[in-house]
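S.K.: With the numbering used here applied, the sequence shown closes on residue 112, and no number is skipped along the way. Note that CB positions come from ideal geometry on N, CA and C, so glycine has one too. This is the structure I want to talk about, given as structure tokens.
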Amino acid sequence: MMPDQVITNLMEDLRKGTKGMPLKSAVFEVGELSGITAKELEEYLQENADFEFLIEETKAKVRCRCGYEGMAEIIDSEDGEVVFMCSKCGDIPEIVSGDKVKVSEVQVKD
Ligand SMILES: [Zn+2]
């Protein structure tokens, strides 16, 4: 997914989650395989958000058929496409976590 699409989806989920109520603050968790970086989200929010925000970057976790389980080895990241592999055998592992942007905390205005 393109970074813009990831952000659009995220904002839609956020609005649905708060039923359109004005936000006071939100905390975002950006997975390193989510297709956007914390910096991209920050730039977007600085221009578009009328609430306070905090962005945390979270490491991805992968599981490979060779038995490896742990952090993904990121080879390349460009335009929302993150290329990664197993750091043990070089195969493409399965993503356990870290491929999403989550809203971990939201406060709406009183
Ligand atoms: Zn492996």
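Determine contact between the stretch 14-33 and the stretch 95-110, defined as no fewer than three beta-carbon pairs at a distance below 8 angstroms.
M.R.: Touching, yes.
S.K.: Using a Cβ-Cβ cut-off of 7 angstroms (strictly less than) and excluding sequence neighbours within five positions of G42, which residues of its own chain qualify?
M.R.: Taking the sequence shown and counting its residues from 1, one reaches residue 42 at position 40. According to the sequence shown, residue 42 is Glu rather than Gly. Counting only Cβ-Cβ distances below 7 angstroms, and skipping sequence neighbours, we find P5.
S.K.: Once DSSP output is grouped into helix, strand and coil, what is the label at K111?
M.R.: Against the sequence shown, residue 111 aligns to sequence position 109. Coil.
S.K.: With DSSP as the reference, please indicate the residues paired to A28 in a beta bridge.
M.R.: On the sequence shown, residue 28 is found 26 positions in, with the first residue counted as 1. BP columns for A28 point to F55 and V108.
S.K.: Hey, is D93 close to ligand 1, as in C-beta under 7 angstroms from one of its heavy atoms?
M.R.: Reading the sequence shown from its first residue, position 91 is the one you call residue 93. D93 Cβ: within cutoff of ligand 1.
S.K.: Taking its Cβ as the centre, do 16 or more other Cβ atoms sit within 10 Å of G22, making it buried, or is it exposed?
M.R.: Taking the first residue of the sequence shown as position 1, residue 22 is located at position 20. Burial call: exposed.
S.K.: Thinking just about the alpha-carbon of each residue, which of V98, I94 and M13 is nearest to the one in Y46?
M.R.: Walking along the sequence shown from the start, residue 46 turns up at place 44. It is M13 whose Cα lies nearest to the Cα of Y46.
S.K.: Taking the DSSP output, what are the residues bridged to V84?
M.R.: What you label residue 84 is simply residue 82 of the sequence shown in a count that begins at 1. S79, per the DSSP bridge assignment.
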